[in-house]
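A.B. asks: Residue numbers (this note's numbering): 17 to 429.
We treat Cβ as the ideally placed atom computed from N, Cα and C, and that holds for glycine.
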DNA sequence: TCTGGGGTCCTAGGACCC
DNA sequence: TCTGGGGTCCTAGGACCC
């Protein structure tokens, strides 16, 4: 069995793009974002600056930190271009995010040489054609290839010889494994397990007791590099959602009703565009102390109408507030739709003549809404998102992340 | 003026059916 | 009639990833 799986990962992607576009930023600690750090350059990471960190905290850690506004269109363009380089070698590419993908080169080594050579060519081309550093890991399994690319960073290549997989793996810390975050790392440390080798030696029943049946089984398999996963080139999204941090707002209808309408508009429009209505609606309400609560309902029929989604979300939020009568302040609202179905575009939520029951959204009211949504979708197709809709005044001021950044994170439905 | 926004998967309890 | 078991779906919460 050869090491045919590549994992390619652009280094500090957004920050590298900024340094590419503005040479004055090269070699300097920079952060993309403002209120919150969306990405940090390696120079900034050296000071402990991390993605997701509040801007103020980042400035404390790194006094010379330079904040730059995001060139989101360029991120999309350059991320796509980098993945396209992989596509030139093999059709078996699984894109994980804007800046990261797996490729299986088993079928093309006769054309392009051994996997390590292909990886070297990919790195050279991305550097020459796009001006960006990219790290690549090469191994026999996805999990190992992913770890190898992390080890290779920044701007490196690591090939794991199939004869020496466990030697490579077992000295590494457990948190390099896919699926081991802060909580699991601490739990493992509690039983004296810090490296992947120590994890491999831990009996299965012990891991299962500590982490649950699925995680125990999975981690043991990964620690011995028994990772049977194949590349999935055509993954469909299983849910779609939108959220908005509100700062601190009173838990009142005049706040959450318009905010939910705005979120429902974002989500439902995406569902309609892709003809993927969904049956389960989930809302999340975060309180002032950052604890959050969810409520969900699963409908008999899938929905994608903006007003319908907004109404259901509103009912669920009211349920949350009834269950938490002492919470007077909310700091975030979220709507997600799951159990997505695939329906022919013209069949969406046409009136079915059923009673006006919340679980049966195909009502007479539904017909008018369907028409209204279609009208709004059409206007936006021609004149852009801002031309019409439910732009929320309530969200206007506190919107901390540009819409363009949200769109980068959206998965293809 | 105390931390973003998009996702995936797992768990556990309860309802319900066979 | 009572008891039990298995499977599936729903709901709420949580860990994790980019």
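(1) Does the beta-carbon distance from residue 226 to residue 201 come in below 7 Å?
(2) Can you give me the C-alpha to C-alpha distance between residue 398 and residue 389, rounded to a whole angstrom?
(3) Which residues in the same chain have their Cβ closer than 6 Å to the Cβ of residue 58, if we skip the five residues on either side of it in sequence?
(4) Going by the DSSP bridge assignment, what does residue 150 pair with across the sheet?
(5) Tell whether a beta-carbon distance below 7 Å holds between residue 131 and residue 20.
(6) Keeping to the same chain, check which residues put their C-beta closer than 8 Å to that of residue 32; ignore five residues upstream and five downstream.
(7) Count the other CB atoms within 10 Å of the CB of residue 37; is the residue buried (16 or more) or exposed (fewer)?
(8) With contact counted as at least three CB pairs below 8 Å, one residue from each stretch, are the region 311-326 and the region 276-288 in contact?
(9) Residue 128 lies in the beta strand (DSSP E); which residues open and close that run?
(10) Would residue 223 and residue 241 qualify as a contact pair, given that the criterion is a beta-carbon distance under 7 Å?
(11) What are the residues that DSSP puts in a beta bridge with residue 118?
(12) Using CA atoms only, rank isn't needed, just tell me which of 113, 44 and 100 is closest to residue 251.
(13) Per DSSP, what kind of secondary structure is residue 318 in: helix, strand or coil?
(14) Pull up the distance between the alpha-carbon of residue 153 and that of residue 75, whole angstroms please.
(15) Please state whether DSSP places residue 404 in a helix, a strand or coil.
(16) Measure the CB-CB distance between residue 88 and residue 421 and report whether it falls below 7 Å.
(17) Should residue 246 go down as buried or exposed, given a rule of 16 or more other Cβ atoms within 10 Å for buried?
(18) Within a Cβ cutoff of 8 Å, which residues of the same chain sit near residue 427, ignoring the five residues on either side of it in sequence?
(19) From this set, 266, 86, 129 and 65, which residue's C-alpha is nearest residue 337's C-alpha?
(20) Pick helix, strand or coil for residue 220, following the three-state DSSP scheme.
(21) Thinking just about the alpha-carbon of each residue, which of 192, 181 and 144 is nearest to the one in residue 167?
(22) Could you give the first and the last residue of the continuous beta strand (DSSP E) run that contains residue 266?
(23) Write down every uninterrupted run of the alpha helix (DSSP H) in the region 80-111 whose length is 4 residues or greater and which is fully enclosed by it, in chain order.
(24) Output needed for residue 280: all residues of its chain with C-beta closer than 7 Å, excluding positions within five of it in sequence on either side, in chain order.
(25) Can you name, in chain order, every residue of its own chain whose Cβ lies under 7 Å from the Cβ of residue 490, other than the five neighbours on each side?
(26) In its own chain, which residues sit with a C-beta less than 8 Å from the C-beta of residue 103, not counting the 5 before and 5 after it?
(27) Grab me the residues of residue 248's own chain with a C-beta within less than 7 Å of its C-beta, minus the 5 sequence neighbours each way, in chain order.
(28) May I have the straight-line CA-CA distance separating residue 313 from residue 357, to the nearest angstrom?
(29) My output table needs one value for residue 303: the three-state DSSP class, helix, strand or coil.
(30) Using CA atoms only, rank isn't needed, just tell me which of 91, 315 and 316 is closest to residue 35.
(31) Helix, strand or coil: which one does DSSP assign to residue 182?
C.D. replies: Looking at the atomic coordinates:
(1) Not a contact, by the Cβ cut-off of 7 Å.
(2) One Cα belongs to residue 398, the other to residue 389, and the distance between them is close to 14 Å.
(3) Residues 28 and 170 of the same chain have their beta carbon placed closer than 6 Å to that of residue 58, with the five preceding and five following residues left out of the count.
(4) 26, per the DSSP bridge assignment.
(5) Yes; because the gap between Cβ atoms is below 7 Å, this pair is in contact.
(6) Correct list, in chain order: 26, 57, 148 and 149.
(7) That one is exposed.
(8) Yes: at least three Cβ pairs fall under 8 Å.
(9) That residue, residue 128, is in no beta strand (DSSP E); its alpha helix (DSSP H) goes 125-128.
(10) No, they are not a contact pair.
(11) According to the DSSP secondary-structure assignment, residue 118 is paired through a beta bridge with 23 and 110.
(12) It is 113.
(13) In the structure shown, residue 318 sits in a strand (DSSP, three-state: E or B).
(14) Each residue's Cα considered, the two are about 33 Å apart.
(15) In the structure shown, residue 404 sits in coil (DSSP, three-state: anything other than H, G, I, E or B).
(16) For residue 88 and residue 421, yes; Cβs fall inside 7 Å.
(17) The residue in question, residue 246, is exposed, as its Cβ has fewer than 16 Cβ neighbours within 10 Å.
(18) Same-chain partners within the cutoff: 253 and 256.
(19) Of the listed residues, the one whose Cα sits closest to residue 337 is 266.
(20) In the three-state reduction of the DSSP assignment, residue 220 falls in the helix class.
(21) With respect to the C-alpha of residue 167, the residue from 192, 181 and 144 having the closest C-alpha is 192.
(22) Where residue 266 is concerned, the enclosing beta strand (DSSP E) stretches over 255-266.
(23) Segments of the alpha helix (DSSP H) lying fully in the region 80-111: 88-103.
(24) Once the five neighbours on either side are set aside, the close Cβ partners of residue 280 are 322, 325, 326, 329 and 351.
(25) Nothing about residue 490 can be read from this structure; the chain reaches only from 17 to 429.
(26) Closer than 8 Å at the Cβ level, and outside the excluded window around residue 103, lie 109.
(27) Apart from sequence neighbours up to five positions away, the residues of its chain that approach residue 248 with a beta-carbon distance below 7 Å are 110, ordered along the chain.
(28) Within the model, the alpha-carbon separation for residue 313 versus residue 357 is close to 16 Å.
(29) Strand.
(30) With distances taken between Cα atoms, residue 35 lies closest to 91.
(31) In the structure shown, the three-state DSSP call for residue 182 is helix.
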